[in-house]
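Just so we're aligned, residue 594 is where the sequence shown starts under the numbering used here, counting upward by one.
Only one structure is covered here, and it is reproduced in the block below.
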Amino acid sequence: MLPIWRIVTSCNRVTNKRATRLKWRQLRFQLLLAVLLSNSTTGLAATIEEIAPPPRPTAVPSDGVLVANGATIGEIVYKIGDIFDLSNPRESYYFYRLANRLHINTREFVVRDDLLFNTGDRYSPELISESERILRGKNYLYDAQIRPIRYHNNQVDIEVKTRDVWTLSGGINYSRKGGENSYGYEIQEDNFVGLGKTVRIKRDINEFRTETEFLYRDPFLTAQRFQLALGYSYNSDGRSKLFELQRPFYSLDTKWAMGLYGSTFSRQEIIYQDGEELDYYYQDSEYLQLNGGYSRGQMGDLTIRWQLGFTVDFNDYNPSNATKDPDLVPDDKNLAYPWIQYNSQVTRYIKTSRINLINRTEDINLGATYYIRLGWSHSNFGSDRDAIIYEANYYNTNQTFSDHLLLVNLGSSGLVGEGFTENVYIGSEIRYFYPTFKNQVFYSELNFDAGHNLDDKSQLMLGGESGLRGYPARIQQGNRRLLFRMEERFYTDWHILQLLYVAGAAPAAAPSFMLIWHLLWTPKKALTNFRLWYPPNRSFNGSLRRPSR
């Protein structure tokens, strides 16, 4: 067998000279454009710095003094900002005024309900920082700042300042492929009338089905922080329903949690091979999960949570009217099992930017997170097989030096019985950030995934959805996947129409390569590419992060 470096090298050869010249011309153009996009390509290396806390009036003592004095929280002042700041001359035009008028700002009580403190509570810098993180995690808010603004009679008045984003999205789509037309529409509002609730209506008509979907999510159903989700989809080939009621561990110090989740769906599914539709089958699924959790709360910088639950996951597969080969239809799979789950998290958050988002505040935890779940499926519970079902994950971010950030994510899951295994998956992801100049960040990423006895629904896919830029989705599938990428990311202060920040990426030092294999290595060609991201800074979309498996 050839060594791996020889295999990759041989796959990187381009026999067509004209194609080679074209690639070099494209590369030179991409590198030139990348340099032009950079505001600074000279100077000392930058650092991954924490964003300074918002300034406080000089009359307000430091956090240490306030805590030592046992200060309490007085008045809480809310400032809910519009999408556009009309006091900024660049944002005072008619278009921006119209957008502000059409958008309903987040209601004050919606922001208040997410805070972990109230008037009369002891002043706690940790709860203020965590409340900021909770607010920034809402997709209808661009940013959030909480700071003390007045100190009198051992009371601290607090200012909570947020800014909205445009949350109404949707559109009309139409496409034609293989002589068949596909069209539809979608409307989604993620801050319905300023209440923080999500409403989505979607309709798609294609050669496989006509689908009408409705979804409603309420992240704050009651004062006890219960959350609700309702979904219904009416399809020409089936139905789907969703119900979820949960009270999550909403803060690091939350003592208990519970959840009830149920869904059913029936529809025709597609079997893919090398990105092409190979065959079809019909699936009926029922899923139900009930769980409850307990925690002692935050102990220093450590939080440990335990959960118990019971899951029912029944899947029946049958030939459909479009099935060509009945042998390709998967076997039925019915699981019912109790489980126990352990979570631990070390909390060491920093506020920074230009990691996953463009010019937006990001909360990065430099502590380790562990997650383990063990379940036991048995025929006494209604399962069709006896097995141990497990999931495990480890995630950690290390700031090895002041200007290096290393993110590690390891995970595994599967079903193990006596003499058999199913859907055993092992995955790893390593991401590395290093600011090379003021507005440039070197980024590299290494992903390795492997599976054993994967069913059709769990196959590892390679394509645009897995980070293979410039390729369609699901171009190949297999049971092992390797992806490696190195690039230089360029950030600018260009703010197009006060809507878009411009950033770009170009190959760093050597081209990236991405490959997938099934049993044996079958590497794909190396990629040299350039891409501009245009995430609107007035919308909740703004991630440079590729979706994971």
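Beta carbons: idealized from backbone N, C-alpha and C, even for Gly.
Quick caveat, the model's predicted, so the values are computed rather than measured.
Nearest residue (CA-CA) to residue i, options the options
{"i": "D996", "options": "V1034, A915, L808, Q1091", "result": "V1034"}
{"i": "Y1084", "options": "I965, K795, E984, I951", "result": "I951"}
{"i": "H1045", "options": "L1003, E1015, Q781, S1021", "result": "E1015"}
{"i": "A664", "options": "E782, I751, T993", "result": "I751"}
{"i": "K1050", "options": "F1030, N908, M1079, N1032", "result": "N908"}
{"i": "D894", "options": "S685, T712, L695, E719", "result": "E719"}
{"i": "G787", "options": "E806, D846, P812, Y880", "result": "P812"}
{"i": "N799", "options": "Q900, S775, L708", "result": "S775"}
{"i": "I981", "options": "Q1052, N936, Y935, P931", "result": "P931"}
{"i": "D872", "options": "V922, T896, L883, Q900", "result": "V922"}
{"i": "L901", "options": "R715, Y874, Y880, Y935", "result": "Y935"}
{"i": "R802", "options": "S972, E862, V753, R898", "result": "E862"}
{"i": "V658", "options": "S717, L999, G890", "result": "S717"}
{"i": "N989", "options": "Q1069, G713, Y1025", "result": "Y1025"}
{"i": "Y1027", "options": "I644, L998, H696", "result": "L998"}
{"i": "Q1074", "options": "D877, Q748, A1043", "result": "First, the residue type needs correcting, since residue 1074 is Arg and not Gln in the sequence shown. The candidate whose alpha carbon is nearest that of R1074 is A1043."}
{"i": "N784", "options": "F819, V749, K731, L821", "result": "K731"}
{"i": "R941", "options": "G1020, S888, E684, M892", "result": "M892"}
{"i": "A915", "options": "K944, N949, Q876", "result": "Q876"}
{"i": "V1009", "options": "W969, D678, D797", "result": "W969"}
{"i": "L761", "options": "H696, D678, Q1069, F836", "result": "H696"}
{"i": "S1005", "options": "Y735, E1022, E1011, F994", "result": "E1022"}
{"i": "A929", "options": "F903, L1003, N949, E806", "result": "F903"}
{"i": "R700", "options": "Q866, K790, R729", "result": "K790"}
{"i": "I669", "options": "Y686, L1090, V753, S1037", "result": "V753"}
{"i": "R1082", "options": "N711, Y735, R947", "result": "R947"}
Burial state of residue i (16 or more Cβ within 10 Å)
{"i": "F842", "result": "buried"}
{"i": "H745", "result": "exposed"}
{"i": "V704", "result": "buried"}
{"i": "R832", "result": "exposed"}
{"i": "E773", "result": "exposed"}
{"i": "G890", "result": "exposed"}
{"i": "L816", "result": "According to the sequence displayed, residue 816 carries Ala and not Leu. By the 10 Å Cβ count, A816 comes out exposed."}
{"i": "L910", "result": "One point to set straight first is that residue 910 is Tyr, not Leu, in the sequence displayed. Buried, since its Cβ has 16 or more Cβ neighbours within 10 Å."}
{"i": "G1007", "result": "buried"}
{"i": "R715", "result": "exposed"}
Through-space distance from residue j to residue i, alpha-carbon basis
{"i": "R860", "j": "S829", "result": "9 angstroms"}
{"i": "I721", "j": "Y809", "result": "30 angstroms"}
{"i": "S724", "j": "P912", "result": "51 angstroms"}
{"i": "G960", "j": "R966", "result": "20 angstroms"}
{"i": "Y963", "j": "N991", "result": "15 angstroms"}
{"i": "P919", "j": "D925", "result": "13 angstroms"}
{"i": "W759", "j": "Y733", "result": "7 angstroms"}
{"i": "D979", "j": "N986", "result": "24 angstroms"}
{"i": "P682", "j": "N662", "result": "44 angstroms"}
{"i": "E879", "j": "Y983", "result": "20 angstroms"}
{"i": "I742", "j": "L814", "result": "31 angstroms"}
{"i": "D977", "j": "L881", "result": "16 angstroms"}
{"i": "Y1018", "j": "N1040", "result": "13 angstroms"}
{"i": "S826", "j": "E804", "result": "7 angstroms"}
{"i": "S603", "j": "L821", "result": "Its pLDDT being 35, under 50, S603 is placed unreliably by the model, and the measurement read from it follows with that caveat. If I take the Cα positions, the gap works out to 54 angstroms."}
{"i": "T1029", "j": "F1077", "result": "20 angstroms"}
{"i": "L1093", "j": "D1086", "result": "10 angstroms"}
{"i": "G674", "j": "I897", "result": "36 angstroms"}
{"i": "N1072", "j": "M1054", "result": "9 angstroms"}
{"i": "I666", "j": "R740", "result": "11 angstroms"}
{"i": "V660", "j": "F819", "result": "31 angstroms"}
{"i": "F858", "j": "G886", "result": "28 angstroms"}
{"i": "L625", "j": "Q1091", "result": "Interpretation of L625 is limited by its pLDDT of 40, a score under 50 that renders its predicted location unreliable; the figure taken from the coordinates is listed afterwards. So the two alpha carbons sit approximately 25 angstroms from each other."}
{"i": "P654", "j": "N747", "result": "10 angstroms"}
{"i": "K845", "j": "T651", "result": "The question names Lys, yet the displayed sequence has Leu at residue 845. Cα to Cα, the separation comes out at about 31 angstroms."}
For residue i: DSSP bridge partner residues
{"i": "F1041", "result": "S1021, L1075"}
{"i": "K672", "result": "K754"}
{"i": "F807", "result": "I794, Y825"}
{"i": "Y1027", "result": "F1035"}
{"i": "W849", "result": "Y887"}
{"i": "W899", "result": "Y887, Y935"}
{"i": "Q861", "result": "Y875"}
{"i": "H997", "result": "F994"}
{"i": "V1009", "result": "I981, T1014"}
{"i": "E779", "result": "G764, K795"}
{"i": "I644", "result": "The partner list for I644 (beta bridge, DSSP) is empty, contrary to what the question assumes."}
{"i": "N908", "result": "S878, K926"}
{"i": "S833", "result": "S826, F858"}
{"i": "N774", "result": "R769"}
Heavy atom of the ligand ATP within 6 angstroms of residue i beta-carbon
{"i": "L720", "result": "In terms of ligand content, the structure shown is empty, and the ligand ATP therefore cannot be addressed."}
Please list the segments of the beta strand (DSSP E) lying wholly inside the stretch 922-986, counting only runs of 3 or more residues, in order along the chain. Runs found: 926-939, 942-945, 955-958, 962-970.
To test your reading of the DSSP string, which unbroken beta strand (DSSP E) runs of 3 or more residues are found completely within the stretch 869-893? As far as the stretch 869-893 is concerned, its whole beta strand (DSSP E) runs of at least 3 residues are 869-892.
Identify every run of the beta strand (DSSP E) within the stretch 714-766, keeping only runs that are complete inside it and at least 3 residues long; order them along the chain. As far as the stretch 714-766 is concerned, its whole beta strand (DSSP E) runs of at least 3 residues are 734-745, 748-757.
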